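These notes concern the structure reproduced below.
Residue numbers (the numbering used here): 1 to 313.
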C-alpha cells in the first residue's frame, strides 16, 4: 500500500524513482479504508531531504498513510524556500484540534543552545504536550529526542568534548520488544550530534526504559513505558551520503571536523561509504507503524484520550 502525499511535493519524484509506492490525493479518494494519520514535525533546515528520508521509510509498509508536515510557526527557515513551506507545510496552531495515529519529531541543528534559548522552544513544548494526548504514538529523533526527554522527564543533555559523528554498533537490551522484531542482536545506526543524554540520568527515571545501547554512542533507543513514546538518539533515516555531505561541508568551512567513524572504508573520504544500517532502518519504521500505531490505535481517532497506556512489548 502507498504513502499518500500531494502530487506536486518534490519528494514524489525521488520516491517514485526508487519504486516507493506513493499515491496522490485524487487517487486516494477511491480507497475505501481509513488511512493512518502521521504528523511530521520537521525541524531540520534541509526539509526536502528530510522529507524524502522519512517518507521513504514510512512508505515501505502495506498501510495507506496520510502525512501532515508541520513547521515551527515563528522560525524563519534559511535553507528551504518560503514557497515550499507555504505549499506543503502547516503549523501546530492550525492542527491542534486534530488527532493523529502517530507523530514524528525530527532533530534540529540547535543542540549547542540551551533548550530555552531555541526560538521555537515554547511552541515545541506545546507540541510535545499535545502529542501525549492527541497522537497515539510519538517518535522523537536525535535533538527532538533530547528535547522530549528534557521537557517530559527533566533528563538533561550534555555537550560532548567532540562531535559524535559516524556509524556506531548498537546492542539490544531485550530481544522480545516488538519494535525490534526481526532485528539482529546487534545493528548499526548513524549519529551526528554535539550533545548527549547519559545513561545514568535515564535510569533515574522509572518511567523510562533503555531498549538499545551503544558502547560508543550511549543509550540509542529509549521507551517511555506509559506514554507510547520512543526516543532515538541517532538517525536511522539518513541516506548513504548524508554524513559525507556534512563532513565535506564542514571541511570547506574550515571547521575542525574528524572523519566520521566507521563510515568511509579505511577511514578514507575518497572511498564511497558502504551502508550497513538501511535494512534495520526500514524494519524499525515498519515495526513502529505496525505494532505501535496500526495495531494499537483506535479506529476512531477521537478515542485517543491521554498518554496512559504502555507501548506494546
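C-beta atoms are modelled at their ideal positions from N, C-alpha and C, and glycine is treated no differently. Predicted model only: the values in this text are computed from it and were never measured.
Among the options, the one whose alpha carbon lies nearest that of residue i
i           : options            : result
residue 97  : 127, 193, 111      : 127
residue 196 : 205, 216, 186      : 216
residue 12  : 48, 187, 129       : 48
residue 34  : 18, 9, 64, 8       : 64
residue 147 : 183, 41, 242       : 41
residue 55  : 9, 92, 81          : 9
residue 232 : 67, 107, 250       : 107
residue 134 : 258, 39, 266, 272  : 39
residue 5   : 18, 60, 53, 66     : 66
residue 169 : 236, 72, 53, 209   : 236
residue 113 : 81, 68, 160        : 160
residue 241 : 272, 253, 201, 180 : 272
residue 292 : 225, 201, 166      : 225
residue 180 : 213, 166, 254      : 213
residue 183 : 284, 149, 166      : 284
residue 59  : 72, 81, 18         : 18
residue 165 : 68, 258, 14, 268   : 258
Pairwise C-alpha distance: residue j and residue i
i           : j           : result
residue 110 : residue 57  : 25 Å
residue 131 : residue 62  : 25 Å
residue 189 : residue 171 : 11 Å
residue 151 : residue 77  : 24 Å
residue 207 : residue 223 : 8 Å
residue 260 : residue 70  : 30 Å
residue 204 : residue 211 : 15 Å
residue 94  : residue 74  : 13 Å
residue 229 : residue 45  : 24 Å
residue 83  : residue 43  : 17 Å
residue 194 : residue 276 : 23 Å
residue 156 : residue 125 : 15 Å
residue 143 : residue 7   : 30 Å
residue 86  : residue 129 : 25 Å
residue 244 : residue 256 : 15 Å
residue 294 : residue 288 : 9 Å
residue 199 : residue 219 : 6 Å
residue 145 : residue 154 : 12 Å
residue 221 : residue 286 : 16 Å
residue 51  : residue 88  : 11 Å
residue 91  : residue 290 : 27 Å
residue 163 : residue 192 : 7 Å
residue 264 : residue 251 : 15 Å
residue 167 : residue 53  : 17 Å
residue 266 : residue 81  : 38 Å
residue 149 : residue 68  : 23 Å
Buried or exposed by the 16-neighbour rule on C-beta atoms within 10 Å, applied to residue i
i           : result
residue 37  : buried
residue 30  : Reliability of the predicted coordinates at residue 30 is poor, the pLDDT of 47 falling under 50, and the value obtained from them is presented with this limitation in mind. Per the 10 Å Cβ criterion, exposed.
residue 297 : buried
residue 238 : buried
residue 158 : exposed
residue 270 : exposed
residue 248 : exposed
residue 16  : exposed
residue 227 : buried
residue 79  : exposed
residue 116 : exposed
residue 274 : exposed
residue 209 : buried
residue 234 : buried
Any chain B beta carbon closer than 7 Å to residue i
i           : result
residue 144 : This model lacks chain B altogether, as it is built from one protein chain only.
Inset, instruction - Any chance you could list the beta strand (DSSP E) runs of at least 3 consecutive residues sitting entirely within the stretch 101-153, in chain order? - result: Restricting attention to beta strand (DSSP E) runs no shorter than 3 residues, the stretch 101-153 encloses them at 135-141, ordered along the chain.
Legend entry - Segment contact flag, the stretch 130-144 with the stretch 89-103, C-beta cutoff 8 Å, min 3 pairs: Because the criterion of three Cβ pairs below 8 Å is met, the stretch 130-144 and the stretch 89-103 touch.
Legend entry - Uninterrupted beta strand (DSSP E) stretches inside the stretch 223-258 (no shorter than 3 residues): Whole beta strand (DSSP E) segments, 3+ residues: 229-232.
Legend entry - Touch test, the stretch 176-189 against the stretch 270-281, Cβ-Cβ under 8 Å, three pairs minimum: The stretch 176-189 makes contact with the stretch 270-281: 3 or more CB pairs, one atom from each, lie closer than 8 Å.
Legend entry - Stretch pair the stretch 118-126 + the stretch 173-183: three plus CB contacts closer than 8 Å: Touching, no, given that fewer than three Cβ pairs across the two stretches are closer than 8 Å.
Inset, instruction - Counting only runs of 3+ residues fully inside the stretch 172-215, write out the beta strand (DSSP E) ranges in chain order. - result: For the stretch 172-215, whole beta strand (DSSP E) runs of length 3 or above, ordered along the chain, are 186-196, 208-214.
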